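Protein chains in written order, with the working numbering: chain A, 1 to 371; chain B, 372 to 879.
Notes for the one structure printed next.
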Amino acid sequence: MSNKKVHEPLFHIVKRDEMTFKKALFIRLLAIVAALLLCAVITMVVTGQNPISVYGTMGVGAFGTARKTWVTLQNVSILLLISLALTPAFKMRFWNIGGEGQVLIGGLAAATCMIKLGDKVPGGLLILIMFVASLLAGGIWSVIPAIFKAKWNTNETLSTLMMNYIAIQLVAFFTVLWEVPKGSGKIGIINQNTNAGWLPNLGVPSFTGSKYLLTIIVALLITAGMFIYLAFSKQGYEISVVGESVNTARYVGIKVEKVIIRTVFISGAICGLTGLLLVGGINHTLTTTIAGGQGFTAVMVSWLAKFNPIIMVFASLLIVFLERGAGEVATNFGLNQSFSDILTGIILFFIIGCEFFIRYKITFKRGGHKK
Amino acid sequence: MDNRTPAVKLTNISKHFGSVAANSGVNMEIYRGEILALLGENGSGKTTLMNMLSGIYFPDEGEIQIDGTPVTIASPRDAFNLGIGMVHQHFKLVDVLTAAENIVLGLEGKLDIKAATRKINEICDKYGFEVNPSQKIYDMSVSQKQTVEIVKVLFRGAEILILDEPTAVLTPQETEKLFDVLRKMREDNKAIVIITHKMHEVESLSDRVAVLRKGEYIGDMMTKDTNAEEMTNMMVGRKVSLNIKRPEPVGAKDRIRVSGLTVRNEEGILKLNDVSFTARSGEILGIAGISGCGQKELLEAIAGLQPVESGSIEYIEDDGTAEQLIGKDPRKIRDMGVSLSFVPEDRLGMGLVGNMNLADNMMLRSFEKGGSPFTDRKAPYELAKSVVEELEVVTPGISTPVRRLSGGNVQKVLVGREIASAPKVLLTAYAVRGLDINSSYTIYDLINKQKQAGVAVIFVGEDLDVLMELSDRILVLCGGQVSGIVDGRKADRAEIGLMMTKTGGQNE
């Protein structure tokens, strides 16, 4: 071994054995701590502020007051709903990145019902019609690429992505068509006087959360439902088999085309439902930016949670907390909004990067230590 | 013990994957002008060991010497520079490029196809290869692709050649051709290592054998001083009998009647042409043929997975009523009450789901049963447990993903599930491909038991010796046509080999 000619490479990347859940969790927490430390350093250099107070500001931004907390939870719910919607499709290896458009179309359907039927049908029935319309609209919007995929094996990543832009243009067209007041280019608050088609507030009016509660409850119900659907139902099992291997699915007699179309319909329908909540429950208006890019953020949330609906709750909480907290830091310290993007970026980099260390280990020269 | 300087000397080589020791403390020598057969069961670490020589893995411990000089092989490039070339089990060629382009791919310096073609032709003349340097890979047969792989490593100046199960995809005639080439290389003083499971090949080709078992080096001996039984015992670590039973069929009745079956694949290429035969209960019908001449399509057509152009496939009940299977998918066939099991060639890509655990894989066949929208997890779990016990599947647990099991155990899980439903017809494709001797014999036993239970077995195989020992009748396919059906007890190896290449044994 003392021969000088033997040069060993500095380090090797070695695949790990399957890691225990606890150890993996530890590495992930470590990554978050490391990310927060780096963010602290960067914040300190840029703002000259004490990092503890910066993190304090983030906390205040997200949970400073009861109202802030409720808004944070509502935002978490919306992001969570879209992430849950994408998950069955993702589990089937159908890369639905059309969440943005499916939400918009669901919102457009709800707004259409509110505008066109607001003074024609009674309130309860109107909400029921809106519910059916937005679910169907979101579902149909997602099924169009699914049919192309099932019949001709087209690339769903491209087609669902392109459907987003069609949805945005459609919404833009209708906002101009229905603009109030004329020339403003905006729909404005729909049915402001009658409140027709507005989703109900839950709880007594004096309760701060009553305005936000409906969305949160829907999100929790869908989370539990999706968890059970994927883990225990026959359809959930079919989704896993089709996702893992189309050949195996055919071999055991699963009708692959049917499963693809059914699953993607569910995916789009939940997006449509989210659109309903945004238009009928939260904003009472429709704009092209109502989904606010969350259709794309949800892709990341779903992946971060490894398609597990329960973990998805925490993943969306983390993302929303970062957004709102970093936003507060940016305003308080007179920084521009990109600063919050930088912090979010750093944290995500660490979280996603640590997966590498969960799968591989680095072995240094002989006798060296292991990471 | 040997006075020659070894071309390769491995000292105390170890390699771990997580907690699994793929190789531990292996000492081995490879000499020039010699063909070494490296033997061992699946998972005994043969391929890992050779991968360390060819720069794919880096040993955890130990030393490699080439011609007496210690070396570090950290990448395939290092291996090439040291004159080590490996032909892998799965070819690493670019389909849309020509043979010559594939051969020069990745080489440094100016790209000169003309000069390369000249050099390729020289190599071919020297060793008796038949390669057309300007032919595209996708136009080539499996054996031609393999030839390109071998020429590729020789082109790069390999002096030490490693071949990982090169004959698994070849016909007997192609195998003989390959062996002639290897013998010529031996005369040219090259060092050759061949990994194989087939004992008669070891005996006819190699000069020396080295045996690995469970990652450890067991020993080596001159081929002429040993025999198949001794080698097998060394590999397995105990005595094994090398005879396949062939019980006489009892009460054979027609079960599956195929007539005039014609199938085109997705590209519209004719894969089966007017195929007719009958499979009987309590009988093993072996299917022989070069790989890719219609076996896959035949089994998949019977299983309801392959669209059929014309012809008929009938399932015949005990009372003689016949039912048409064409046009029905696997679910409909099952709903008709036809109990048909299929062990496909692609175990993890078709028969099982690699990322799912044993219980969930058992569920594949049964999950639809019952009216509840939820799956019943208990029955599959129990089935998985009983398969593990009865077939002695080595697994850390029922909840282990099947992809983490070794090839033999994966196959036991698949076969176990397929025979659990007490089938009337059992289709198997390459049931023992890649399996070690021990697992192979377990599978033969299982298939024989099914036969004795009155199941009509259709067994697609690649090892002619096994087909001739196991089958009651052998159907030989050639280019999608039946070139003949012979009696397994009277079949002649050379005759079948000829039928595999020419319909009916006559000229095409």
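C-beta: ideal position from N, C-alpha, C; glycine also.
The structure displayed is predicted, hence computed values, not measured ones.
Closest Cα partner of residue i within the set the options
i        : options                                : result
B:THR469 : B:GLN506, B:THR443, B:TYR498           : B:GLN506
B:MET592 : B:VAL580, B:LEU541, B:ASN598, B:VAL513 : B:VAL580
A:ILE351 : A:ILE97, A:SER233, A:LEU126, A:LEU30   : A:LEU30
B:VAL391 : B:MET421, B:ALA408, B:ASP431           : B:ASP431
B:MET606 : B:VAL847, B:LEU817, B:SER395, B:LYS417 : B:LYS417
B:ALA623 : B:LEU632, B:SER647, B:GLY653           : B:GLY653
A:GLY295 : A:SER340, A:VAL14, A:LEU117, A:ALA167  : A:ALA167
A:VAL33  : A:TYR55, A:VAL121, A:GLY292, A:PHE356  : A:TYR55
Beta carbon proximity, residue i to chain A, threshold 8 angstroms
i        : result
B:ASN452 : no
B:MET870 : no
B:GLY768 : no
B:GLY720 : yes
B:PHE462 : no
B:ASN422 : no
B:ASN383 : no
B:ASN413 : no
B:MET707 : no
B:VAL573 : no
B:PRO430 : no
B:ARG702 : yes
B:MET727 : yes
Beta-ladder partner(s) of residue i, from DSSP
i        : result
B:PRO794 : B:PRO794 is not bridged to any residue.
B:MET399 : B:LEU381
A:GLY360 : The sequence given here places Tyr at residue 360 of chain A; Gly does not occur at that position. A:TYR360 pairs with A:LYS15.
B:CYS849 : B:GLN852
B:LYS507 : B:THR469
B:GLN695 : B:GLU685
B:PHE388 : B:VAL391
B:SER630 : B:SER683
B:ASN728 : B:PRO772
Any C-beta of chain B under 8 angstroms from that of residue i
i        : result
A:HIS12  : yes
A:THR289 : no
A:PHE232 : yes
A:TRP152 : no
A:GLY253 : yes
A:SER302 : no
A:VAL241 : yes
Euclidean distance between Cα positions of residue i and residue j
i        : j        : result
A:LEU86  : B:GLY657 : 48 angstroms
A:SER267 : B:ALA471 : 49 angstroms
B:ARG651 : B:VAL826 : 8 angstroms
B:SER683 : B:ILE627 : 10 angstroms
A:VAL246 : A:VAL256 : 7 angstroms
B:GLU601 : B:ASN452 : 37 angstroms
A:TYR229 : B:SER446 : 47 angstroms
A:GLY225 : A:PHE90  : 17 angstroms
A:ILE378 : A:ARG324 : Not covered by the structure: residue 378 of chain A. The range shown for chain A is 1 to 371.
A:PRO181 : A:VAL329 : 36 angstroms
B:THR546 : B:GLU530 : 22 angstroms
A:THR363 : A:VAL14  : 7 angstroms
A:ALA40  : A:THR47  : 10 angstroms
B:ASP717 : B:GLU587 : 30 angstroms
B:SER512 : B:LEU482 : 27 angstroms
B:THR813 : B:ASN819 : 10 angstroms
A:ASN201 : A:CYS354 : 42 angstroms
B:ASP863 : B:GLY660 : 14 angstroms
Other residues of its chain near residue i: CB distance less than 8 angstroms, five sequence neighbours each side excluded
i        : result
A:THR285 : ALA111, LYS186, ILE187, GLY188, ILE189, ILE190, VAL279
B:PHE726 : Reading the sequence as shown, one finds Asn at residue 726 of chain B and not Phe. Only PRO772, ARG774 meet the Cβ criterion.
Proximal residues to residue i (C-beta, below 7 angstroms), its chain only, five neighbours per side dropped
i        : result
B:GLY528 : GLY454
A:THR69  : PHE63
B:THR376 : ASP438, GLY439
A:ALA150 : GLU257, ILE260, ILE261
A:SER240 : LYS91
A:ASN155 : none
Own chain residues within Cβ distance below 6 angstroms of residue i, not counting five before or after
i        : result
B:SER810 : GLY779
A:LEU317 : VAL76
B:PRO504 : ALA470, ALA471, THR488, ILE491
Using a Cβ cut-off of 7 angstroms, which residues of the region 735-758 of chain B contact any Cβ in chain D, in chain order? The displayed structure is made up of protein chains A and B, and chain D is not among them.
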